Every structure is written in structure tokens, then in C-alpha cells.
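K.L.:
FYI, in my numbering the residues of the sequence shown are 388 to 1010.
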Amino acid sequence: MDIETFFKKQNFKNQLKILTCGSVDDGKSTLIGRLLFDSKSIYSDQLSQTKFESEKYGTQGKEIDLALLIDGLQAEREQGITIDVAYRYFETDKCKFIIADTPGHQEYTRNMATGASNSDVGIILIDSTKGILDQTKRHTFILSLLEVNHVVIAINKMDLVNYDKKVYDEIIKSFEIISKNFNFYSKKYIPLSALVGDNVFTKSDNMPWYKNETLINTLEKFEVSKSYIDEKFSMPVQWVNRSSSDFRGYSGTISSGKINVNDEITVVPSGEKAKIKKILTPDGNSDSSFENQAVTISLDKEIDISRGDLITSDLQNIKIADQFSAHIIWMHKDAMLPERNYIFRFINSYVSGKITKLEHKININSYEKIAAKSLELNDIGYCKIALSKSTFFKSYSNNNQLGSFVIIDQFNNLTVGAGMIDFELRRSSNISWHDMTIDKKKRSTLNSQKPCALWFTGLSGSGKSTIANILEQKLHQLNKRTYLLDGDNIRHGLNKDLGFTDADRVENIRRVAEVSKLMTDAGLITLISFISPFKSERRMARDLFDTNEFIEIFVDTPIEECEKRDPKGLYKKARSGKLKNFTGIDSDYEIPLSPEIKLKTVSKNPEELADEILNYMKKNNII
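Right, here's the structure in full:
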């Protein structure tokens, strides 16, 4: 075969993206090592290195440990487990494969979800000596959630159960029970031994009772590519290309469908329409292009298009909204808290928002819906989300790219979660904002003062309420109209339904911030005395107010001093274990980094500290 014929044949091979998953020690890495070994996809130097490392780290005595071909991290080799997601490439005469080896340990479920998000077929490994485990159920659920609808159930280590068909049949029976909850398009069961190669590439003589195909033959026959005829075109704009004065193109990767020259498209969100004039690919001009191709398109007329816009022929299925329901996989050790502000990253944009409600958490073992107030690491929940502005999307089942997002912590920029959009939520059509004739400016003029929110934060016993009370007296003497919102007082009424979990503390501050905003709108100077331990909620409160209206006052009292004072005996109870989730003891207090006012209470009395605030207000023309 000449080189040109060879490359032509390669270009027309089907390509399949595979994920291996299952519990710890089910044999995922060994199976991939076997696939690489038997497909002759290992370089001689790599094979030599693996033989050397097998003697040092391996589990097969003098034999080569195929799992070490995959477990590339030193930590993984020493522990004998897979931590990272490892991607490997191999091919046969009929097909090209990209295979992902994902962690089996529950702690790394987020890594498994990352690998599943871009896979066509899931290989679920089950150790025949152990049967179906909790993590098997967890990974099966995640595959279904992420629309990996073709699965191969590889029942591994059949050599350790003497190739017993009864064991194989019993595992199939058990898996059929759990998989009835999901609508997989196809399920294939294969008994195998990755270690010795039974039914991987070669039909096993040890299992004459198994009449179906080997694993590799099964994978080669999968046809999971989408129909370009039925799917309509969508492409998020990543770059506006102005390579010359007379050219304007729009570059991106096609997320769905097929596009042809002269097709009509619509731009979202503007709604402007145009026709495709040219399609430019890395190989030159093209009459058409398909999903996952990177292209630059030019239009038959100039219209306003920016990075982050969507060019589509599928306007009917594109949703534009600022609220939606979604499944969320939580990926961080710090719990997800409803009403906390996060950054939501969509395919081509970043939008601030919050998870307004956790509808339920999903029990991975029983698939039951459980009431919960937060999501912990690796939890999966169904939530309502509200964004600060509308964005475009499709449901995840309709388009994986346009229907997915990641959640980012706004302070440290860490990815904390990932989500799959179900459907949009519409605001009630009979609710609208009413502008009043008497506004904040007129109320402030009548009160002869500048309204503001004086937000006192600090540990319990720091002196917040004492200082705020003295300050209000001084403002009253100056004929200023004020109102003091105290944490304890509010919990007797407005927030009496809230406890002291992190989730309840977030909701506590959200409500108080909204009330404070209304009071400021009424033209009052509002004093708010709450521990408010989390910087995220203090930021949320600040964002509700106009510029210079929110004044953060950090009452800086060391915890040792707070414990000495302990006017309510709370620290004593917390130290003895009688009071749980107490700030500073077993619940964090996040110190303000740049408050407008910082009060050192150890060296000054409350009267002096109240005067400091008063002087600040005079200096900044608040009073």
C-alpha cells in the first residue's frame, strides 16, 4: 500500500471516544493497557520502561503490569490507584479510538465526570469477584446523566472465578435491575479477563458458553455519530476575524449540525438574519461544514456580531433566559450553598449568578430524591439557577455543548461544580418593577441626609451590637433618621425559621441584605449588626447597593478576647460540644480584606470606636 492510499484510508476510519469507569481495582487501567498492547500501539522504549517499572511497582511478579502503561503519575504508581484522567490513542484496521481511563475512587468522581462529558461509549468494568458496588452505581448514573447512551458492561477477572457462567449471569441480572432507571440506547455484556486477554482482542477458549463478539469487535461496530441531516446548525462566535479592511469573518467551532453556503442564519441574541457567503476551513474554502469542525464564516451583509454571540439556524430550540433548572455535580470540598454568588461559565461567556434552590439531592445507591440544603463533594443535585443577565442555551439532552456549564468560585477562580441544563424557567408574566414617583433621592432630601448601610461584621462578642447601639444614639442626637438591624432581634421574627448551618447563614444574610436595601431606599441610615462570617455573602450584600452606599465595618476583636467576654456563655458551650456550628470554633469566619472601617476594640472603648465611625461619615459627606 502506497503512502497516499494509507493516509486516505486513515481519514475515512470511524473514530470513537471511549470512557472506562467502575470501582477501584475493577481493572480499568489493566484493560486499557491490554488494548494498547494487543493493538501494537506501544513504542518499544515505552514498553521497556514499563517492564522496568513493573519490577518496582507492579503487581504481577516478573510479568509486565499493563496498568502501569496508564498510571503515569508517580502518586498513582506508588498507591496502585488511578487519580487523574488518562487519555490514550490506539487504532485497529477498522476504527480509531481515544480512550479515557478515569479514577474509580469515590473521592475522584469529579474526574470521572470530566472524562464522561466528551465520550461516545462507556465501558463499565465490574470485578466478577465482587459484583456491583456503590461506585458502579454512581458511575452508571453519571453516564446516563451526561448522555453517554451506549454502554459496554465488561465483567472482568473471569479467570478468578474459574470462568463460571453463573457468576456472569448473576451480575447481568443485578445490572439489569439498576439500569432500568436509565434509557441507554444500547447495552452489551462481555465476560473477559483484561490481565490475560480473554475476549479483549481474542475470543477466549476458556468461555465456550459465550457466543457473542470480543470487546474490540463490539467497539468497532458502534455507530454513534449524529445525523447532520436532522440536526440544525449552531456555532458560538469565539473570534471576530478582520484579517483585512475588506474582510469580516466569524470564527468558532460548530457545536451542532451542518452548514452550507447560502444557508440563512440568525444571530442570537440580536435576532438579525443573513446568509452564509463563504466557509473557510484550515484546508481552504468549503461548500459545507459539520459539527466539531473549526471554521470561519463570512456573511452576505454586515451585521453586528460580537464574541460570545451565537450563529444558528435552529432558533426554535435556542432558549434565552436568566433562570433555568439543571443537574449539578459538585466538585469541591467546600459545600455548595444556595443563594451564594458564583460565576457560571458557558461555552463562550461568563455570567454571575446563584443557585436559588436545591430541589433535591440524588442518592446514588437507590437513585431516590433526598431533601437537602447543600451539596457536598461529589454530590449530585437538581437545582434552580438565576443569572444576573440572560444568556442563550439549549437543554443538555439537545446539545451537550450549549447545554452545559461550569461553576467557578468568584474569589479564588477554582472550578467548584459542573451542570447540565434541563429547561428554562420563566418569570411570572404578571410581575414587573414599578417606578415610584417618590424615589430615594426625594426621601433623602426630606430627611436631610445621605442614606447608607453601615454593615458591622465580627465574631460573636466582638462588640458589634454595643458599638452600633452607641452610634445610633449619636446619630439620633444629630437628628438623623436611622434603623438598627441586630442579628439576634431579626432571628426572633423575619428569620426565626433559620438555623445555624452554613446554608442557613447564607439565607440569613441574603434576607437581611434585601431588607437593608429597602431601608436605604427609604432614605434611612441603616445599621446592620451581624456576624456575617462569609466574604461571599458580604460581597453579595455590597452588590445590592449603589456606589459608596455600603460601608463595611470590621469589628476586629481577637477570639481570645471574645471568649473572655462571652456575655451569653456561647463560647463555653461551643468548646464543650453542646453548641454546634459556632463561628470561630467549628465554623469559619472569613476576615474582611479591605473594609471601609476597621475597629480595634482591645485598645479603645465602644464610645471612642463609635466616634471613629461618626468621623468617617462626616469626612465622606454622609452626615
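Each residue gets a CB set at the ideal place from its N, CA and C atoms; glycine is no exception. Bear in mind the structure is a predicted one, so any value in this text is a computation, not a measurement.
Which residue wins for smallest C-alpha separation from PHE711, given the options ASN765, LYS776, ILE510 and ILE666?
P.N.:
Taking the sequence shown and counting its residues from 1, the one referred to as residue 711 is at position 324. Among ASN765, LYS776, ILE510 and ILE666, the Cα nearest to that of PHE711 is on LYS776.
K.L.:
Quick one: Cα of ILE564 to Cα of HIS526, how far?
P.N.:
Counted from its first residue, the sequence shown places residue 564 at position 177. Counted from its first residue, the sequence shown places residue 526 at position 139. One C-alpha to the other measures close to 15 Å.
K.L.:
Between ASP889, PHE969, GLU678 and LEU996, which lies nearest to GLU726 when the distance is taken from Cα to Cα?
P.N.:
To locate residue 726, count along the sequence shown from 1; it is residue 339. The shortest Cα separation from GLU726 among ASP889, PHE969, GLU678 and LEU996 belongs to ASP889.
K.L.:
List the DSSP bridge partners of TRP626.
P.N.:
Mapped onto the sequence shown, residue 626 falls at position 239. Paired residue(s): SER638.
K.L.:
Going by alpha carbons, who is nearest to ILE519 out of ASP884, TYR555 and PHE484?
P.N.:
The count along the sequence shown starts at 1 and reaches residue 519 at position 132. Checking every option, the nearest Cα to that of ILE519 belongs to TYR555.
K.L.:
Let me make sure I understand the geometry here. Which of PHE562, LYS951, SER685 and LYS851 has the alpha-carbon closest to that of SER631?
P.N.:
Here residue 631 refers to the residue found at position 244 when the sequence shown is read from its first residue. Nearest option by C-alpha distance: SER685.
K.L.:
Grouping DSSP H, G and I as helix and E and B as strand, with all else coil, what is VAL989?
P.N.:
On the sequence shown, position 602 is the one that residue 989 refers to. Of the three classes helix, strand and coil, the one that applies to VAL989 here is coil, per DSSP.
K.L.:
Give me whichever residues DSSP pairs with GLU651 in a beta bridge.
P.N.:
Locating residue 651 in the sequence shown gives position 264, counting from the first residue. In the DSSP output, where bridge partners are listed per residue, GLU651 has LYS662.
K.L.:
Three or more C-beta pairs under 8 Å: does that hold for the segment 679-693 against the segment 762-775?
P.N.:
No, the segment 679-693 does not touch the segment 762-775.
K.L.:
For GLN1021, name the three-state secondary structure that DSSP assigns.
P.N.:
Within the shown structure, residues of the chain are numbered from 388 to 1010, placing residue 1021 beyond reach of any answer.
K.L.:
Would DSSP call GLN788 helix, strand or coil?
P.N.:
The residue you call residue 788 lines up with position 401 of the sequence shown. Coil at GLN788, not helix or strand.
K.L.:
Assuming ASP488 and ILE419 form a contact by the criterion Cβ under 8 Å, report the distance between their Cβ atoms to the nearest whole angstrom.
P.N.:
Numbered from its first residue, the sequence shown carries residue 488 at position 101. Numbered from its first residue, the sequence shown carries residue 419 at position 32. Confirmed, about 5 Å.
K.L.:
With DSSP collapsed to three states, give me the class of LEU862.
P.N.:
Here residue 862 corresponds to residue number 475 of the sequence shown, with the count starting at 1. Three-state DSSP puts LEU862 in a helix.
K.L.:
By the DSSP assignment, the beta strand (DSSP E) with VAL508 in it spans what residues?
P.N.:
Position 121 of the sequence shown, counted from the first residue, corresponds to residue 508. It spans 508-514 - the beta strand (DSSP E) in which VAL508 sits, taken as one unbroken run.
K.L.:
Taking the beta strand (DSSP E) that MET723 falls in, what are its first and last residues?
P.N.:
Along the sequence shown, one-based indexing puts residue 723 at 336. No beta strand (DSSP E) contains MET723, which DSSP labels as neither H nor E.
K.L.:
Taking the beta carbon of VAL583 as the centre, do at least 16 other beta carbons fall within 10 Å, making it buried, or is it exposed?
P.N.:
By 1-based counting over the sequence shown, the position of residue 583 is 196. Exposed, by the Cβ-count rule.
K.L.:
Applying the 10 Å Cβ sphere with the 16-neighbour rule, what's the burial state of VAL989?
P.N.:
For the purposes of this step, residue 989 is identified with residue 602 of the sequence shown, where counting begins at 1. VAL989 is exposed by the Cβ-count criterion.
K.L.:
Taking the alpha carbon of ILE915 as the reference point, which residue from ILE877, SER782 and GLY409 has its own alpha carbon closest?
P.N.:
Residue numbering aside, residue 915 sits at position 528 when the sequence shown is read from its first letter. Out of ILE877, SER782 and GLY409, ILE877 has the C-alpha closest to the C-alpha of ILE915.
K.L.:
At the level of alpha carbons, what is the spacing between ILE558 and THR523?
P.N.:
Position 171 of the sequence shown, counting from 1, holds the residue named residue 558. Position 136 of the sequence shown, counting from 1, holds the residue named residue 523. Cα to Cα, ILE558 sits roughly 12 Å from THR523.
K.L.:
The alpha helix (DSSP H) spanning LYS524 covers which residue range?
P.N.:
What you label residue 524 is simply residue 137 of the sequence shown in a count that begins at 1. Its alpha helix (DSSP H) spans residues 521-532.
K.L.:
Checking 8 Å against the spacing of the C-beta atoms, do LEU980 and ASP943 come in under that value?
P.N.:
Taking the sequence shown and counting its residues from 1, one reaches residue 980 at position 593. Taking the sequence shown and counting its residues from 1, one reaches residue 943 at position 556. Against a cut-off of 8 Å, the Cβ pair of ASP943 and LEU980 comes out as no contact.
K.L.:
So which of LYS645, ASN649 and GLY695 has the shortest CA-CA distance to ASP701?
P.N.:
Position 314 of the sequence shown, counting from 1, holds the residue named residue 701. Considering only alpha carbons, the answer is LYS645.
K.L.:
Are the segment 900-909 and the segment 766-786 touching, with three or more C-beta to C-beta distances below 8 Å?
P.N.:
Short answer: they don't touch.
K.L.:
Using 8 Å as the cut-off, can you tell me whether the segment 948-965 makes contact with the segment 867-874, which would need three or more C-beta pairs spanning the two stretches below that distance?
P.N.:
Counting Cβ pairs under 8 Å, fewer than three are found: no touch.
K.L.:
Nearest by alpha-carbon distance to ASP507: which of LEU957, PHE609 and PRO578 is it?
P.N.:
In the sequence shown, residue 507 corresponds to position 120, counting from 1. For the residues LEU957, PHE609 and PRO578, the minimum Cα distance to ASP507 belongs to PHE609.
K.L.:
Is it right to say THR516 is buried, meaning 16 or more other beta carbons lie within 10 angstroms of its own, or is it exposed?
P.N.:
Taking the first residue of the sequence shown as 1, we reach residue 516 at position 129. Exposed, because fewer than 16 other Cβ atoms sit within 10 Å of the Cβ of THR516.
K.L.:
Taking GLU936 and ALA840 to be in contact with their CB atoms under 8 Å, please state how far apart those CB atoms are, rounded to whole angstroms.
P.N.:
As a position in the sequence shown, residue 936 is number 549, starting the count at 1. As a position in the sequence shown, residue 840 is number 453, starting the count at 1. Indeed, because the Cβ distance is near 6 Å, the residues count as touching under 8 Å.
K.L.:
In angstroms, rounded to a whole number, what distance separates the CA positions of ILE513 and PRO945?
P.N.:
Within the sequence shown, numbered from 1, the residue matching residue 513 stands at position 126. Within the sequence shown, numbered from 1, the residue matching residue 945 stands at position 558. If you take the alpha carbons of ILE513 and PRO945, they lie about 54 Å apart.
K.L.:
Beta-carbon within less than 6 Å of LYS851's beta-carbon, same chain only, minus the 5 sequence neighbours each way: which residues are those?
P.N.:
To locate residue 851, count along the sequence shown from 1; it is residue 464. These residues qualify, in order along the chain: PHE843, GLY845, SER916 and VAL942.
K.L.:
Considering only residues of the same chain and omitting the five flanking positions on each side of ASN750, which have a CB-CB separation below 7 Å?
P.N.:
Here the question's residue 750 lines up with position 363 in the sequence shown. Counting only Cβ-Cβ distances below 7 Å, and skipping sequence neighbours, we find ILE757.
K.L.:
So, with DSSP's three-state summary, where would you put MET1004?
P.N.:
On the sequence shown, position 617 is the one that residue 1004 refers to. Reduced to three states, the DSSP call for MET1004 is helix.
K.L.:
Does the beta carbon of LYS861 sit closer than 8 Å to a beta carbon anywhere in chain D?
P.N.:
No chain D appears in this structure, which consists of one protein chain only.
K.L.:
Determine the DSSP secondary structure at TYR572, reduced to helix, strand or coil.
P.N.:
Working through the sequence shown from its first residue, we reach residue 572 at position 185. Reduced to three states, the DSSP call for TYR572 is coil.
K.L.:
Any idea which residues DSSP pairs ALA487 with across the strands?
P.N.:
As a working note, residue 487 is residue 100 in the sequence shown. Paired residue(s): LEU406 and TYR474.
K.L.:
Buried or exposed: which applies to TYR576, given that a residue is buried once 16 or more other Cβ atoms fall within 10 Å of its Cβ?
P.N.:
Against the sequence shown, residue 576 aligns to sequence position 189. When all chains shown are included, TYR576 counts as buried.
K.L.:
Just confirm the distance between the C-beta atoms of THR699 and ALA581, as a whole number of angstroms; I'd bet it's less than 8 Å.
P.N.:
Sequence index remark: in the sequence shown, residue 699 carries index 312 (1-based). Sequence index remark: in the sequence shown, residue 581 carries index 194 (1-based). Actually they are not in contact, since the Cβ atoms of THR699 and ALA581 sit about 44 Å apart, beyond 8 Å.
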